[in-house]
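S.K.: I have a structure I would like to understand better, so I am pasting it below and will then ask my questions one at a time.
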Amino acid sequence: MSSTSDADAEGFFEQTAVGDRMVTQGRTITEADVTNFAGVSGDFNHLHTDGARMADSAFGERIAHGMLVLSAATGLIWQARSILERESVVAFYGMDDLRFTAPTFIGDTIRVEREVLETERTPDAPGTGTVRYQVDVIKDDETTVLSCEMTSLVE
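Okay, structure coming up:
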């Protein structure tokens, strides 16, 4: 007789239900993040790199790259995942309806709120199925700065 319960034997896909929610820790976007992201991505747009020019803009200061915020969000999600979920991820499967809804400034702290929208078995793909999430990135003043749906292929 095995000491492993049926719940322990189930994979992440089987344990995931529509409505499951997760909130990550916060992460502050720094000057170094913006500078390093510009170097890695090659995106030296004045919105992110020219403080003097941005002082007279509608934003009043430089803003973080939207893709930096998205990248930081994926890292926050990874860090908040359980060991079972981490071990079950086969691939990032896609993203839909991405919107950058407000600027993120250097010094803003962001967190991710994620909710399961749908699970679907995928018998013809690697893994067991897909999990589609609503993902919202919220900064410390409770402003949502990014919203999208992300889908992961999982076991």
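Numbered as in the UniProt record's numbering, the sequence shown ends at 155 without a single skipped number. Even glycine gets a Cβ: it sits at the ideal position worked out from N, Cα and C.
Report yes or no: do three or more beta-carbon pairs, one from the segment 58-75 and one from the segment 100-117, lie closer than 8 Å?
M.R.: yes
S.K.: Less than 8 Å separating the beta-carbons of residue 153 and residue 80?
M.R.: Indexing the sequence shown from 1 puts residue 153 at position 153. Indexing the sequence shown from 1 puts residue 80 at position 80. No. Outside cutoff.
S.K.: Helix, strand or coil for residue 147? Go by DSSP, reduced to three states.
M.R.: Numbered from its first residue, the sequence shown carries residue 147 at position 147. Correct three-state label for residue 147: strand.
S.K.: Could you tell me the boundaries of the alpha helix (DSSP H) in which residue 83 lies?
M.R.: Position 83 of the sequence shown, counted from the first residue, corresponds to residue 83. Run containing residue 83: 83-88, per the alpha helix (DSSP H) assignment.
S.K.: Taking the continuous beta strand (DSSP E) assigned at residue 137, which residues delimit it?
M.R.: Your numbering for residue 137 matches position 137 in the sequence shown. That run of the beta strand (DSSP E) goes 129-139.
S.K.: If contacts are defined as beta-carbon pairs under 8 Å, then residue 100 and residue 135 qualify, I think. What distance do you get, rounded to the angstrom?
M.R.: As a first step, residue 100 is located in the sequence shown; it is residue number 100 there, counting from the start. As a first step, residue 135 is located in the sequence shown; it is residue number 135 there, counting from the start. Incorrect: roughly 13 Å between the Cβ atoms, too far for contact.
S.K.: Which residues bound the beta strand (DSSP E) around residue 155?
M.R.: Position 155 of the sequence shown, counted from the start, is the residue given in the question as residue 155. Neither: residue 155 is in no beta strand (DSSP E) and is coded neither H nor E.
S.K.: Measure the C-alpha to C-alpha separation of residue 22 and residue 131 and round it to an integer number of angstroms.
M.R.: Residue mapping note: residue 22 aligns to position 22 of the sequence shown, counting from 1. Residue mapping note: residue 131 aligns to position 131 of the sequence shown, counting from 1. Each residue's alpha carbon lies about 14 Å from the other.
S.K.: Nearest by alpha-carbon distance to residue 102: which of 116, 147 and 82 is it?
M.R.: For this step, residue 102 is matched to residue 102 along the sequence shown. Selected option, being the one with the closest Cα: 147.
S.K.: When the Cα of residue 125 is compared with those of 44, 155 and 15, which residue comes out closest?
M.R.: The residue given as residue 125 occupies position 125 in the sequence shown. Among 44, 155 and 15, the Cα nearest to that of residue 125 belongs to 155.
S.K.: Taking the alpha-carbon positions, what's the residue 142 to residue 95 distance?
M.R.: Position 142 of the sequence shown holds residue 142. Position 95 of the sequence shown holds residue 95. Near 23 Å, if we compare the C-alpha coordinates of residue 95 and residue 142.
S.K.: Compare the C-alpha of residue 65 against each of 106, 117 and 93 and name the closest.
M.R.: Mapped onto the sequence shown, residue 65 falls at position 65. For the residues 106, 117 and 93, the minimum Cα distance to residue 65 belongs to 106.
S.K.: So, for residue 63: in the same chain, excluding its five sequence neighbours on each side, which residues have a beta-carbon less than 7 Å away from its beta-carbon?
M.R.: Within the sequence shown, numbered from 1, the residue matching residue 63 stands at position 63. Only 47, 48, 103, 104 and 105 meet the Cβ criterion.
S.K.: Given this structure, state the Cα-to-Cα distance separating residue 40 from residue 119, to the nearest angstrom.
M.R.: Looking up residue 40 in the sequence shown gives position 40. Looking up residue 119 in the sequence shown gives position 119. Their backbone Cα atoms lie some 34 Å apart in a straight line.
S.K.: What does DSSP give as the partner residues of residue 105 in its beta bridges?
M.R.: For this step, residue 105 is matched to residue 105 along the sequence shown. Per DSSP, 63.
S.K.: Residue 85 and residue 37 - do their beta-carbons sit closer together than 8 Å?
M.R.: As a position in the sequence shown, residue 37 is number 37, starting the count at 1. As a position in the sequence shown, residue 85 is number 85, starting the count at 1. With contacts defined by Cβ atoms closer than 8 Å, residue 37 and residue 85 do not form a contacting pair.
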